[in-house]
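So the structure is just underneath, and the comments pick up after that.
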Amino acid sequence: MFDNLSQRLARVVKTMRGEARLTEANTQEMLREIRIALLEADVALPVVRDFIAKVREKALGQDVVGSLSPGQALVGVVHQELTALMGGATAELNFATQPPAIILMAGLQGAGKTTTVGKLAKRLREQKKKVLTVSCDVYRPAAIDQLQTVTQQAGADFFPSTPDQSPVDIARAAVLWAKNHYHDVLLVDTAGRLGIDEAMMKEIAALHAALDPIETLFVVDAMQGQDAVNTARAFKEALPLTGVVLTKLDGDSRGGAALSVKAVTGCPIKFVGVGEKLAGLDAFHPDRMANRILGMGDIVALVEQAQANVDQQAAKDLADKLKSGNRFDLNDFLAQISQMKKMGGLSSLMDKLPAQMQAAAGQADMDRAERDIRRMQGIIHSMTPGERHKPELIKASRKRRIAIGAGVQVQDVNRMLAQFDQMQSMMKKMQKGGLAKMMRGMKGMMPGGPGGPR
Numbered sequence: 250m251f252d253n254l255s256q257r258l259a260r261v262v263k264t265m266r267g268e269a270r271l272t273e274a275n276t277q278e279m280l281r282e283i284r285i286a287l288l289e290a291d292v293a294l295p296v297v298r299d300f301i302a303k304v305r306e307k308a309l310g311q312d313v314v315g316s317l318s319p320g321q322a323l324v325g326v327v328h329q330e331l332t333a334l335m336g337g338a339t340a341e342l343n344f345a346t347q348p349p350a351i352i353l354m355a356g357l358q359g360a361g362k363t364t365t366v367g368k369l370a371k372r373l374r375e376q377k378k379k380v381l382t383v384s385c386d387v388y389r390p391a392a393i394d395q396l397q398t399v400t401q402q403a404g405a406d407f408f409p410s411t412p413d414q415s416p417v418d419i420a421r422a423a424v425l426w427a428k429n430h431y432h433d434v435l436l437v438d439t440a441g442r443l444g445i446d447e448a449m450m451k452e453i454a455a456l457h458a459a460l461d462p463i464e465t466l467f468v469v470d471a472m473q474g475q476d477a478v479n480t481a482r483a484f485k486e487a488l489p490l491t492g493v494v495l496t497k498l499d500g501d502s503r504g505g506a507a508l509s510v511k512a513v514t515g516c517p518i519k520f521v522g523v524g525e526k527l528a529g530l531d532a533f534h535p536d537r538m539a540n541r542i543l544g545m546g547d548i549v550a551l552v553e554q555a556q557a558n559v560d561q562q563a564a565k566d567l568a569d570k571l572k573s574g575n576r577f578d579l580n581d582f583l584a585q586i587s588q589m590k591k592m593g594g595l596s597s598l599m600d601k602l603p604a605q606m607q608a609a610a611g612q613a614d615m616d617r618a619e620r621d622i623r624r625m626q627g628i629i630h631s632m633t634p635g636e637r638h639k640p641e642l643i644k645a646s647r648k649r650r651i652a653i654g655a656g657v658q659v660q661d662v663n664r665m666l667a668q669f670d671q672m673q674s675m676m677k678k679m680q681k682g683g684l685a686k687m688m689r690g691m692k693g694m695m696p697g698g699p700g701g702p703r
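If you want the working numbering, it's the position in the sequence shown, counting the first as 1, plus 249.
Here you go:
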């Protein structure tokens, strides 16, 4: 999402770091580049003006000018102000109330409210909370059914409603049910419109008055750009918002909404949504996002992603298998590929690496690498259990059969087997404790590297 902004700011950061001393002239030039980068990213003009003014004030202050490395210090100022612009500290949900804690979701139609309710329900369930959801959207066809489906997928409870009921009556009945059945959290999905209108605002205000929610989250599509900011302003005027959820952060928007919405609403961004899967809801960390925008990566998020998605038992089983002297086979190879896909694939991993590391791997075509990985899975799935266990059985006739089953060419089967051989050799080196040898072997497995996906 922030690719263009990150590239421009990374160039500015590189220039800043090379400055032995700061002057009015070179500082002005850098601030001009930052201003252009933010405007091109669709950040609201008043927000840009305020941001530049704060950076200028600190950049020309004694702490930066007198620094032994003023260029580095100026980078720190930009990072600090970017973090402050997006909210400063990470904002948590507030549950300091008599259960159930009511969370009201507001936003326009198509912003992803219903999917976000499902994602949030799943997240709260993982935190051992008993969650109930209810839909007060009596206008959109199948809105109630959609929420019921995603709630079931999230493992939460669903309170049924019908289109002939009034939204306020539905909400009150759901609160009573949640109290009587000892739910910790009630998530209330509301109706949206294609644009701001008086009827919608009156309805959402009436719901808020009837429910008195502990949290009122504004769900906004990050792809909307300046429209997202205008919508946020209208909802803030109608409701006492407590937080923002930015959806579709993995889209190709320019990122202006993420940088503008906190300044416009005064409310922290609490979550960001990526993709359609229910696991695609992350807490928003302003400092980490500032790191990524400035090309510094987000290694902490990468580690958290690994901890959340890697099957620890499967990793232990593989380690035990290798320690016992058993061979690494195609079943293990398939399991490793599947683990990487669970972490979001190559693109997701690359997105969190520092800009320099991304540039080093930038020669590889990530989309092609992802396709090659899917092709490798298809090839292995076309093999018999015996072939997966003993790849040496796979000769010419078997390769032709596997290729036909996977819908690929025999050359693709050969290439996959060659990559497996590299991985198997690397695992043998691990068994012998040769870490340096293993790291050299991994270079051949990288996308675009020798023997890697092309």
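From the three backbone atoms N, C-alpha and C, an ideal C-beta is built for every residue, glycine too.
- Between A290 and L254, the alpha-carbon positions lie close to 6 Å from each other.
- Straight-line spacing of the CA atoms in V657 and V417 works out to 57 Å.
- Within the region 422-475, the complete beta strand (DSSP E) segments at least 3 residues long are 434-438, 464-470, listed from N- to C-terminus.
- Between T480 and V494, the gap from beta carbon to beta carbon reaches 9 Å or more.
- In the three-state DSSP reduction, K368 falls in the helix class (H, G or I).
- Note that the region 441-460 does not touch the region 332-347; fewer than 3 beta-carbon pairs, one per stretch, sit closer than 8 Å.
- With fewer than three CB-CB distances shorter than 8 Å, the region 481-490 does not count as touching the region 427-442.
- Across the structure, T382 and I628 are spaced so that their CA atoms are roughly 42 Å apart.
- Taking the C-beta atoms as reference points, A405 is found nearer than 9 Å to K371.
- Residue environment for A477: buried (at least 16 other C-beta atoms within 10 angstroms of its C-beta).
- The region 323-335 and the region 348-356 do not touch, with fewer than three beta-carbon pairs separated by less than 8 Å.
- Between A286 and L258, the beta carbon gap of about 5 Å places them in contact (Cβ cut-off 8 Å).
- With a beta-carbon spacing of about 13 Å, K511 and A471 fall beyond the 8 Å limit used to define contacts.
- Along the region 354-423, the beta strand (DSSP E) occurs as fully enclosed runs of 3 or more residues at 380-384, 406-408, listed in sequence order.
- For I352, the beta-bridge partners assigned by DSSP are L436, E464.
- In this structure, the beta-carbon distance from F467 to L579 does not fall below 9 Å.
- Contact between L334 and R305 is ruled out by a C-beta separation of about 15 Å, above the 8 Å threshold.
- Here V434 is near K378, since their CB atoms are less than 9 Å apart.
- The DSSP-derived three-state label of G627 is helix.
- The beta carbons of R374 and A392 sit about 22 Å from each other, so the pair does not count as a contact at 8 Å.
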